[in-house]
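Visitor:
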Amino acid sequence: MNHIQACLFDLDGVLVDTAKYHYLAWKRLANELGFDFTEQDNERLKGVSRMASLDILLSIGKLTLEDAKKQELAARKNDWYVESISRMDHTEILPGAMEYLQACRENGLKTALGSASKNAMIILNNTGLTPYFDAIIDGTRTSNAKPDPEVFLLGAQELGISPDNCVVFEDAEAGIEAARRAGMNCIGIGSPATLNQADFVIASLAEMTVERLDQLEQAVGTQE
Ligand code: B16
Ligand code: MG
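Following the working numbering from start to finish, the sequence shown increments by one per residue and tops out at 1679.
1. Any residues whose CB sits closer than 5 Å to a heavy atom of the ligand MG? List them in chain order?
2. Assign R1667 to buried or exposed, taking buried as 16 or more other Cβ atoms, counted over all protein chains shown, within 10 Å of its Cβ.
3. Under 7 Å from any heavy atom of the ligand B16, does the C-beta of A1571 make it?
4. Is it the case that the Cβ atoms of A1474 and D1465 are separated by a distance below 8 Å?
5. Quick one: grab the DSSP three-state call for L1463.
6. Would P1604 be called buried (16 or more neighbouring beta carbons within 10 Å of its own) or exposed?
7. Going by DSSP, what residues sit across from L1568 in a beta bridge?
8. If you measure between the beta carbons of A1611 and C1621, is that distance less than 8 Å?
9. Locate the beta strand (DSSP E) running through E1625, then write down its first and last residues.
10. Any heavy atom of the ligand B16 inside 7 Å of the beta-carbon of L1528?
11. Who are the Cβ neighbours of Y1555 in its own chain at under 6 Å, not counting the five residues just before and after it?
12. Look at the Cβ atom of G1638, then the Cβ atom of D1619, and state whether they are nearer than 8 Å.
13. Can you find a heavy atom of the ligand B16 that lies under 7 Å from the Cβ of N1533?
14. Could you pull the start and end residues of the alpha helix (DSSP H) that F1607 belongs to?
15. What first and last residue would you give for the alpha helix (DSSP H) that runs through D1644?
16. Work out the CA separation of N1457 and K1482 for me, nearest whole Å.
17. I'd like to know whether the C-beta atoms of V1469 and I1644 end up nearer to each other than 8 Å.
18. Who are the near neighbours of M1506 in its chain, counting only those whose CB is closer than 8 Å to its CB and skipping five residues on each side?
19. Over the uninterrupted beta strand (DSSP E) stretch that includes I1657, give me the two end residues.
20. For F1607, is the classification buried or exposed, using 16 other Cβ atoms within 10 angstroms of its Cβ as the cut-off for buried?
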């Protein structure tokens, strides 16, 4: 029998692609501040908290600002971002995500969200994903951003499942490190070249089945 009893999911990049909305809002802010912000720059913000993202953006523009000003800019970016995600619906769920969540539940696996976003509930409610989770841990419930393992440890705790019986689905390096530090298995979503710390990497949840969780048992077994 497989040792996995719970699946924990990152949100942006795993269940939905909100990176494009983050990008448009950060780019608008950068342009207002007088510099450009490219899609390549945006890669550096994936999985990173809002204020840490702003710090990266300001370093690209070679700007140093006071804390009060930074709070104001982050709030302005967030207003634009919330405007975009408020228009989201179920068509923006990434391929295979809903089907895999459903399969987890049919097979008695617990499910949790583990996202850095403080806006996760808006996205889950607009896309109709909320009922698929036994626990929802987002940026409003954590004080330490990934790669700190807090978000996933809290998820496991709320599900009542031991971390070594959990697997995390992540698209960001910081998220994979967080899963590792939590003592969990981790499946990367994206490119094997960048996500080489994961047990294995798939292009999207469309490639995932409950049966493939057996591969994790083998992966852990060979490491021991
Ligand atoms: P917010 P995830 C992360 O979501 C995003 O990948 C990252 O780009 C964003 O800065 C962070 O959430 C915080 O989001 O500004 O909405 O609180 O990948 O952890 O689901
Ligand atoms: Mg992500």
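No residue lacks a Cβ here, since even glycine has one placed at the ideal position from N, Cα and C.
Guide: A quick look at the data gives this:
1. Matched residues: D1465, D1467, G1468, G1502, D1626, A1627.
2. By the 10 Å Cβ count, R1667 comes out exposed.
3. True, at least one ligand heavy atom lies under 7 Å from that Cβ.
4. No, Cβ-Cβ distance for A1474 and D1465 is not below 8 Å.
5. L1463 falls in the strand class under three-state DSSP.
6. Label assigned to P1604: buried.
7. Per DSSP, F1464, I1591.
8. Taking C-beta atoms as the reference points, A1611 and C1621 count as a pair closer than 8 Å.
9. 1621-1625 is the extent of the beta strand (DSSP E) around E1625.
10. With a cutoff of 7 Å, L1528 does not count as near the ligand B16, since its C-beta is closer than that to no heavy atom of the ligand.
11. Within the same chain, Y1555 has close Cβ partners L1660, M1663.
12. Yes; because the gap between Cβ atoms is below 8 Å, this pair is in contact.
13. Yes, the beta carbon of N1533 sits closer than 7 Å to at least one heavy atom of the ligand B16.
14. Where F1607 is concerned, the enclosing alpha helix (DSSP H) stretches over 1605-1614.
15. In the sequence under discussion, the amino acid at residue 1644 is Ile, which differs from the Asp named in the question. No alpha helix (DSSP H) contains I1644, which is instead part of the beta strand (DSSP E) from 1640-1644.
16. Cα-Cα distance, rounded: 45 Å.
17. Yes.
18. Leaving aside the five residues that flank M1506 on each side, the residues in its chain whose CB is nearer than 8 Å to its CB run, in chain order, K1525, A1529.
19. Counting along the chain, the beta strand (DSSP E) containing I1657 begins and ends at 1655-1657.
20. Buried: at least 16 other Cβ atoms inside 10 Å.
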